[in-house]
Amino acid sequence: MISSSLVIKGVLVLFVLYILYTVIWEVFFSPLRRIPGPHAARFTRLWYFTRVANANFQHENTTLHRKYGPLVRITPSHVSIDDPSAIKTIYGIGARFPKSDWYQGSRAPGKRVVTTLFSEQDIKVHAESRKQFQNVYSMSSLVSYETFVDECADLFAQRLDEMAARGARGGGGGGGDRVDMAHWFQAYAFDVIACITFGGRFGFLDAGEDIRGMMAQLHDVMRYASLVGIFPRVHDWIFYPSARLGLFGSAGRVAHMDFVRRRMAVREEERKLHGGIHKARAERGSSSSGSTPRDFTDRLWDRHDENPDKTTKDHIFMVGLSNITAGSDTTASTLSGLLYHLLVNPRVLARLEDEIMGFATSGKLSERPTFDETRQMPYLDAVVKEALRLHSAVGLPLWRVVPEGGVEVAGHFLPAGTNVGVNAWTAHRNEEVWGRDAEVFRPERWLEAQAEADVGGNKARLQRMEAYYLPFGLGSRTCIGRHISILEISKLVPRLLRDFAFELARPGEEMQCEDFWFVLPKSLAVKVRRRSTSNET
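Numbering follows the UniProt record's numbering, with no gaps: position 362 of the sequence shown is 362.
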């Protein structure tokens with residue numbers, strides 16, 4: 001009979017031997033041993049886990065590269081990269097670097113897994129799935145979604161009017177009511193994506209609050225995915241038990257999945273009861289008034305009816321879940337970052353307001369700005385690009401796996417199986433690409449680069465910037481909903497700045513954010529007042 005003390009001693013010996021083996025391997029034999037980085041990171045993923053858990057990795061990642069150079073080892077098998085010459089190799093069209101196991105934290109576990117485009121790791125499966133939906137997300141489809149955006153922008157403006165009126169009556173100390181624009185931008189983005197996907201708002205703008213905790217649930221979902229993805233093997237073990245106990249973010253993911261399924265069931269039942277209703281919607285949506293546009297669900301159900309094997313119910317579910325999960329925080333984060341940078345850079349704000357007011361007074365900007373009108377505004381375009389550069393929605397590396405044969409990056413050979421990734425927050429502050437003022441919010445850099453290309457024929461600067469610009473990812477994995485996000489931003493910003501004046505409620509205070517994949521402001525407190533005329537600046 002083996003005593004319990006002997007068993008414990010044996011376990012301790014094995015543990016010590018494992019630690020010794022790990023140390024000896026990582027120090028003397030690991031093919032990644034010469035890549036610099038924090039000392040503890042070479043031995044365990046816990047170092048990276050704790051840094052992500054601090055919710056500030058978008059800044060820390062940049063600091064690491066300034067200290068160690070273009071390659072930084074942040075776990076025994078993960079290498080963060082800041083090298084413009086490597087970007088095409090890893091993320092370019094045709095690159096054979098699949099998504100890493102980190103993305104498993106963003107899917108529901110199980111034998112019959114329905115992955116989204118975001119969490120799908122198989123390159124071939126992803127390509128086939130993306131083809132199913134590409135055209136409903138395309139630029140040419142945007143015009144059919146403008147009515148949805150206008151509906152939500154109207155309600156957003158109404159809410160701001162109400163808050164500005166309260167401020168004018170003294171609620172805001174005579175300078176306008178204090179408003180958390182981070183919250184309201186998220187309410188706007190959530191309601192727009194709900195309209196586009198399901199044909200109706202969630203009701204966040206109506207209620208002015210987080211209905212059924214869906215916003216908080218999404219934050220929990222991304223916190224769970226960001227952290228559990230570092231140890232993907234535990235995902236299958238803890239997801240459903242933690243969901244039943246209401247722990248972590250798994251409960252939020254289950255709630256979102258159930259919500260999408262309920263919306264799908266309602267639409268399916270509607271179509272069964274009123275067999276031709278989707279055809280009537282199509283006719284109304286294509287009429288001159290465009291008063292009843294067709295949403296994503298209608299379009300995909302039509303495809304399902306035509307060929308249920310090609311466009312399955314799983315595909316419809318996947319699109320609905322993807323839109324809700326990824327289609328709100330990205331836009332809301334960018335809008336908050338854009339407004340914040342405008343308010344702390346009054347010169348830029350004044351120039352943008354001048355462009356907007358000039359278009360408005362000359363009749364080139366409708367009461368409800370159209371996407372076509374906003375695309376004619378060069379400074380607005382530059383401001384949006386600069387906001388996406390300095391405040392990219394995603395603040396963690398886009399992890400990929402080095403394929404068979406390995407790859408050489410910045411003078412180091414990285415063997416097959418190594419996890420490599422570029423963080424947009426780091427890439428967008430690379431002075432080699434963006435200049436010594438890379439940390440400065442200066443939209444003119446885009447206009448200057450474009451002028452050099454158009455007038456002088458020198459496209460080098462613009463090409464260098466565009467090649468290392470990844471607010472929506474790059475290559476075949478570029479965010480499929482990026483055009484919708486740009487639509488929402490481009491239509492809302494000129495309308496808000498034309499009709500309202502904003503100032504920070506606490507001038508000089510930096511906007512604080514949390515980085516759990518999406519870099520979301522904790523708040524953006526501003527004072528808002530209604531402009532007396534559209535010419536007021």
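Glycine residues also receive a C-beta, built at the ideal position from the N, C-alpha and C atoms.
None of the values given here were measured: they were computed from a predicted structure.
In the DSSP output, which residue or residues are listed as bridge partners for residue i?
i	result
Ile81	Leu71
Phe202	BP columns for Phe202 are empty, so no partner.
Gly473	Pro471
Ala344	A quick correction: the sequence has Val, not Ala, at residue 344. Paired residue(s): none; Val344 is not in a bridge.
His412	Val409
Ala501	Arg529
Asn419	His78, Val401
Arg244	None; Arg244 has no bridge partner.
Asp515	Val519
Val179	Val526
Lys99	Arg400
Buried or exposed: which applies to residue i, given that a residue is buried once 16 or more other Cβ atoms fall within 10 Å of its Cβ?
i	result
Ser138	exposed
Ser490	buried
Gln104	buried
Ser336	buried
Arg429	buried
Gln186	buried
Arg96	exposed
Lys364	exposed
Thr116	buried
Val79	buried
Ala449	buried
Leu247	exposed
Glu353	buried
Gln217	buried
Leu14	exposed
His39	exposed
Please check the pair residue i and residue j, which I expect to be a contact at CB under 8 Å, by giving their CB distance rounded to whole angstroms.
i	j	result
Ile486	Arg130	Contact doesn't hold; Cβ gap of about 19 Å is too wide.
Ala41	Thr63	Contact doesn't hold; Cβ gap of about 14 Å is too wide.
Leu148	Pro31	It is worth fixing the name first, because residue 148 is Phe in this sequence and not Leu. No, Phe148 and Pro31 are not in contact; Cβ-Cβ is about 51 Å, not under 8 Å.
Ser333	Val519	6 Å
Arg271	Trp237	That belief does not hold up - the Cβ atoms of Arg271 and Trp237 are roughly 39 Å apart, past 8 Å.
Ala360	Ser392	The pair is not a contact, with the Cβ atoms about 30 Å apart (cut-off 8 Å).
Asp295	Thr370	With 8 Å as the limit, Asp295 and Thr370 do not qualify as a contact, their Cβ atoms being about 20 Å apart.
Leu447	Pro378	6 Å
Val221	His256	7 Å
Leu35	Arg73	Looking at the sequence provided, one finds Ile at residue 35 rather than Leu. About 4 Å; that satisfies the 8 Å criterion.
Met163	Val528	6 Å
Gln121	Pro98	5 Å
Ile316	Thr297	7 Å
Between the alpha carbons of residue i and residue j, how many angstroms are there, rounded?
i	j	result
Leu398	Asn419	10 Å
Pro109	Thr331	28 Å
Asp412	Val254	Per the sequence shown, the amino acid found at residue 412 is His instead of Asp. Distance between the alpha carbons of His412 and Val254 is about 42 Å.
Arg506	Ile93	45 Å
Ser106	Ile123	17 Å
Gly290	Phe202	Its pLDDT being 47, under 50, Gly290 is placed unreliably in this model, and the value from its coordinates should be taken loosely. Each residue's Cα considered, the two are about 22 Å apart.
Arg375	Arg442	19 Å
Pro346	Val136	38 Å
Gly285	Ala225	Here Gly285 scores only 46 on pLDDT, less than 50, and its place in the model should not be relied on; the value that follows carries that caveat. For Gly285 and Ala225, the distance between alpha carbons rounds to 38 Å.
Glu386	Ala127	30 Å
Met357	Arg498	7 Å
Arg244	Arg178	39 Å
Ser288	Pro494	In this predicted model, Ser288 has a pLDDT of only 38, less than 50, meaning its place in the structure is not dependable; the value taken from the coordinates is given anyway. Each residue's Cα considered, the two are about 26 Å apart.
Lys310	Tyr340	45 Å
Ser322	Phe118	8 Å
Asp154	Leu388	24 Å
Arg299	Leu390	35 Å
Gly151	Glu60	The amino acid occupying residue 151 in the given sequence is Glu; Gly does not appear at that position. Between Glu151 and Glu60, the C-alpha separation is close to 40 Å.
Ala453	Glu444	14 Å
Ala460	Glu466	10 Å
Ala157	Glu404	54 Å
Inside the stretch 117 to 148 only - alpha helix (DSSP H) runs reaching at least 4 residues: 123 to 133
Length at least 4, wholly inside the stretch 362 to 414: the alpha helix (DSSP H) runs in chain order: Every alpha helix (DSSP H) of 4 residues or more that sits fully in the stretch 362 to 414 is shown, in chain order, as 371 to 374, 378 to 390.
Those runs of the alpha helix (DSSP H) which lie wholly inside the stretch 208 to 277 and span at least 4 residues: 214 to 228, 235 to 244, 250 to 273
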